[in-house]
Ligand SMILES: Cc1cc2nc3c(=O)[nH]c(=O)nc-3n(C[C@H](O)[C@H](O)[C@H](O)COP(=O)(O)OP(=O)(O)OC[C@H]3O[C@@H](n4cnc5c(N)ncnc54)[C@H](O)[C@@H]3O)c2cc1C
């Protein structure tokens with residue numbers, strides 16, 4: 009099924025695989041085959057127009073591009089123009105709506121205060137001292153204690169506790185403290201969700217951006233084809249850039265890496281606007297979803313976009329083998345297992361580089377994914393140059 013001359017194979021047509029395929033074709037001027045088990049390219053960034061309304065919907069949850077890395081911003085702008093959209097997130101708690109992340113607006117609204125920026129740090133310190141368990145100076149024993157030691161119990165219980173419990177399916181008291189090192193708290197009225205200087209949405213959508221990324225004539229993309237379908241016929245001299253799950257590569261021989269899953273429930277609603285913003289968090293544990301996404305708000309430059317709207321509610325859930333994995337569960341045993349798989353990869357499959365969010369078993373924003381793929385490409389290029397010089 010595969011040509012014996014094949015030199016580069018990319019597994020997974022998401023962002024990591026797409027950047028590597030593009031670089032191999034454009035810079036090394038080598039043919040590259042990309043296989044993708046889904047019916048579409050773009051991985052979890054995929055978006056498509058909902059047929060009834062024409063509204064662009066993100067299949068795997070809202071994806072907003074943001075970065076502070078100059079080489080990533082320069083690179084990604086070769087494939088799309090970006091809009092000037094800046095992401096804002098609101099959170100609903102006990103029937104009131106607050107801006108996120110926690111900042112002056114949320115704290116003043118929640119506590120009925122009028123704190124000034126210079127008063128914020130002292131206020132949070134006093135809140136933490138008043139409510140933190142173990143004020144004897146001991147280390148926080150779990151996520152709850154850690155969060156309370158940073159922002160105090162009332163803010164923790166309003167905005168962190170229920171959301172975290174839903175997100176991870178566990179009481180925050182059962183989660184390790186080191187899941188959070190800090191909580192982003194702003195001491196001003198800036199309600200932008202991201203701090204990065206470069207932010208926006210692809211002007212013509214993610215599908216068009218990925219079409220450009222895969223456009224090079226030396227790239228052949230085959231969708232509906234999984235690694236397992238062709239693994240036995242890959243020539244030994246072929247370099248494989250693998251962005252599928254790391255444990256799947258070894259048939260889960262050492263056990264399965266743990267992931268958190270998501271389920272999206274999408275509705276078409278007969279109103280032009282349902283929630284007035286793109287992403288609305290639900291902080292309370294009684295509401296079973298964590299976020300609702302109203303996609304038309306990601307593109308205000310497209311205007312009203314008709315009399316209907318599309319909203320998708322996001323429900324976290326356990327992730328069984330075969331389910332779509334979303335968030336790695338970053339516990340010490342999982343990290344150790346990931347290390348064991350990496351060691352086996354280096355020892356047993358020297359022609360395979362595993363990366364991206366699944367192959368690297370890590371949460372990566374889109375910009376970090378691109379940056380990582382560019383770094384992997386630099387190593388490939390050095391190896392190719394050595395080969396050409398020999
Ligand atoms: C809910 C959610 C929201 C997010 N929102 C943002 C955001 O707003 N901004 C941001 O910067 N980042 C966001 N991200 C992160 C973003 O999704 C990742 O940075 C990006 O998807 C990583 O790209 P990737 O190529 O590593 O993985 P993926 O996009 O998952 O691509 C991997 C591809 O490999 C394919 N594949 C897997 N196994 C096989 C196999 N065995 N054979 C063949 N193909 C295979 C998969 O089908 C998939 O298409 C979000 C992530 C999540 C989970």
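In the numbering used here, the protein residues as written are 9 to 398. Here a beta-carbon is modelled for each residue, glycine too, at the ideal position from N, C-alpha and C. Keep in mind that this is a model prediction, so the values were computed, not measured.
Selection from 383, 336, 181 and 158 that minimises the alpha carbon distance to residue 255: Here residue 255 refers to the residue found at position 247 of the chain shown. The shortest Cα separation from residue 255 among 383, 336, 181 and 158 belongs to 336.
Between the CA atoms of residue 294 and residue 56 - distance to the nearest angstrom: For the purposes of this step, residue 56 is taken as the residue at position 48 of the chain shown. For the purposes of this step, residue 294 is taken as the residue at position 286 of the chain shown. Their Cα atoms are separated by approximately 32 Å.
CA-to-CA distance, residue 97 to residue 289, given in whole angstroms: The residue given as residue 289 occupies position 281 in the chain shown. The residue given as residue 97 occupies position 89 in the chain shown. Whole-angstrom Cα-Cα distance: 7 Å.
Residue 39 in three-state terms, based on DSSP: Along the chain shown, one-based indexing puts residue 39 at 31. Coil at residue 39, not helix or strand.
Rounded C-alpha distance that separates residue 25 from residue 11: Translated into the one-based positions of the chain shown, residue 25 becomes position 17. Translated into the one-based positions of the chain shown, residue 11 becomes position 3. Each residue's Cα considered, the two are about 20 Å apart.
Endpoints, beta strand (DSSP E) assigned at residue 229: By 1-based counting over the chain shown, the position of residue 229 is 221. Per DSSP, residue 229 belongs to the beta strand (DSSP E) from 227-231.
Exposure label - residue 388; buried when at least 16 CB within 10 Å: Mapped onto the chain shown, residue 388 falls at position 380. The residue in question, residue 388, is buried, as its Cβ has 16 or more Cβ neighbours within 10 Å.
CB contact flag (residue 205, residue 88, <8 Å): Residue 205 sits at position 197 when you count from the first residue of the chain shown. Residue 88 sits at position 80 when you count from the first residue of the chain shown. Not in contact: residue 205 and residue 88 (Cβ atoms no closer than 8 Å).
CB contact flag (residue 46, residue 231, <8 Å): To locate residue 46, count along the chain shown from 1; it is residue 38. To locate residue 231, count along the chain shown from 1; it is residue 223. Yes; because the gap between Cβ atoms is below 8 Å, this pair is in contact.
Chain-order list of residues whose beta-carbon lies under 6 Å from that of residue 29 (same chain, five-residue window excluded): Taking the chain shown and counting its residues from 1, one reaches residue 29 at position 21. Hits under 6 Å: 18, 40, 42 and 227.
Neighbourhood of residue 111 by C-beta, 6 Å cutoff - its chain only, sequence neighbours within 5 removed: Position 103 of the chain shown, counted from the start, is the residue given in the question as residue 111. Same-chain partners within the cutoff: 194.
Test item: CB-CB of residue 305 and residue 286 under 8 Å: Looking up residue 305 in the chain shown gives position 297. Looking up residue 286 in the chain shown gives position 278. Yes, the Cβ-Cβ distance between residue 305 and residue 286 is below 8 Å.
Top-ranked residue by Cα proximity to residue 249, from 309, 362 and 198: Counting from 1 along the chain shown, the entry for residue 249 is found at position 241. Minimum Cα distance to residue 249 is reached at 362.
Touch test, the stretch 345-353 against the stretch 261-269, Cβ-Cβ under 8 Å, three pairs minimum: yes
Spatial distance of residue 34 from residue 224 (CA atoms): Working through the chain shown from its first residue, we reach residue 34 at position 26. Working through the chain shown from its first residue, we reach residue 224 at position 216. C-alpha separation (whole angstroms): 7 Å.
Burial state of residue 16, where buried means 16 or more other Cβ atoms lie within 10 Å: On the chain shown, position 8 is the one that residue 16 refers to. By the neighbour-count rule (16 or more Cβ atoms within 10 Å), residue 16 is buried.
Limits of the unbroken beta strand (DSSP E) element including residue 108: To locate residue 108, count along the chain shown from 1; it is residue 100. Taken as a continuous stretch (DSSP letters only), the beta strand (DSSP E) holding residue 108 covers 104-108.
Distance CB(residue 313)-CB(residue 63) smaller than 8 Å: Taking the first residue of the chain shown as 1, we reach residue 313 at position 305. Taking the first residue of the chain shown as 1, we reach residue 63 at position 55. Going by C-beta atoms, residue 313 is nearer than 8 Å to residue 63.
Status (buried if at least 16 other CB within 10 Å, exposed otherwise) for residue 374: As a working mapping, residue 374 is identified with position 366 in the chain shown. So residue 374 counts as buried.
C-beta atoms of residue 107 and residue 199 nearer than 8 Å: On the chain shown, residue 107 is found 99 positions in, with the first residue counted as 1. On the chain shown, residue 199 is found 191 positions in, with the first residue counted as 1. Yes.
Separation of residue 351 from residue 400, as counted between CA atoms: Since the first residue of the chain shown is 9 and the last is 398, residue 400 is not available in this structure.
Proximity test, residue 241 beta-carbon vs ligand 1 heavy atom, cut-off 7 Å: As a first step, residue 241 is located in the chain shown; it is residue number 233 there, counting from the start. No, the Cβ of residue 241 stays beyond 7 Å of every heavy atom of ligand 1.
Residue 220: first and last residue of the uninterrupted alpha helix (DSSP H) it sits in: Stepping through the chain shown from its first residue, residue 220 is reached at position 212. It spans 214-221 - the alpha helix (DSSP H) in which residue 220 sits, taken as one unbroken run.
Rounded separation between residue 382 and residue 197 - CA only: Start at 1 with the first residue of the chain shown, and residue 382 comes out as number 374. Start at 1 with the first residue of the chain shown, and residue 197 comes out as number 189. Distance between the alpha carbons of residue 382 and residue 197 is about 36 Å.
Neighbourhood of residue 79 by C-beta distance below 8 Å, restricted to the same chain and skipping five residues each side: Position 71 of the chain shown, counted from the start, is the residue given in the question as residue 79. Around residue 79: 379 and 382.
Paired residues, beta bridge with residue 275 - DSSP: For the purposes of this step, residue 275 is identified with residue 267 of the chain shown, where counting begins at 1. In the DSSP output, where bridge partners are listed per residue, residue 275 has 319.
Neighbour-count burial assignment, residue 31, 16 or more Cβ in a 10 Å radius: In the chain shown, counting from the first residue as 1, residue 31 sits at position 23. Buried, since its Cβ has 16 or more Cβ neighbours within 10 Å.
Sheet register partners of residue 335 (DSSP bridge): Working through the chain shown from its first residue, we reach residue 335 at position 327. Answer is 268, bridged to residue 335.
Residue 143 classed as buried or exposed, judged by whether at least 16 other C-beta atoms fall within 10 angstroms: Taking the chain shown and counting its residues from 1, the one referred to as residue 143 is at position 135. Low per-residue confidence applies at residue 143: pLDDT is 48, beneath 50, and the placement is therefore not dependable, though the value from the model is reported in the following sentence. Exposed is the call here.
CB contact flag (residue 120, residue 138, <8 Å): Within the chain shown, residue 120 is the residue found at index 112, counting from 1. Within the chain shown, residue 138 is the residue found at index 130, counting from 1. The answer is no: Cβ separation not under 8 Å.
Contact test: residue 362 Cβ vs ligand 1 heavy atom, cutoff 7 Å: Residue 362 sits at position 354 when you count from the first residue of the chain shown. Not under cutoff, so the answer is no.
Residue 150 Cβ short of 7 Å to ligand 2 heavy atom set: Judged by which ligands are present, ligand 2 is missing from the structure shown, whose ligands are ligand 1.
Per DSSP, cross-strand counterpart(s) of residue 90: Taking the first residue of the chain shown as position 1, residue 90 is located at position 82. Its beta-bridge partners are 210.
Under the three-state DSSP convention, the category residue 245 falls into: Position 237 of the chain shown holds residue 245. Coil at residue 245, not helix or strand.
Limits of the unbroken alpha helix (DSSP H) element including residue 171: Taking the first residue of the chain shown as 1, we reach residue 171 at position 163. Where residue 171 is concerned, the enclosing alpha helix (DSSP H) stretches over 170-176.
Close-in-space but distant-in-sequence residues of the same chain around residue 92 (CB under 7 Å, 5 per side omitted): In the chain shown, residue 92 corresponds to position 84, counting from 1. These residues qualify, in order along the chain: 208.
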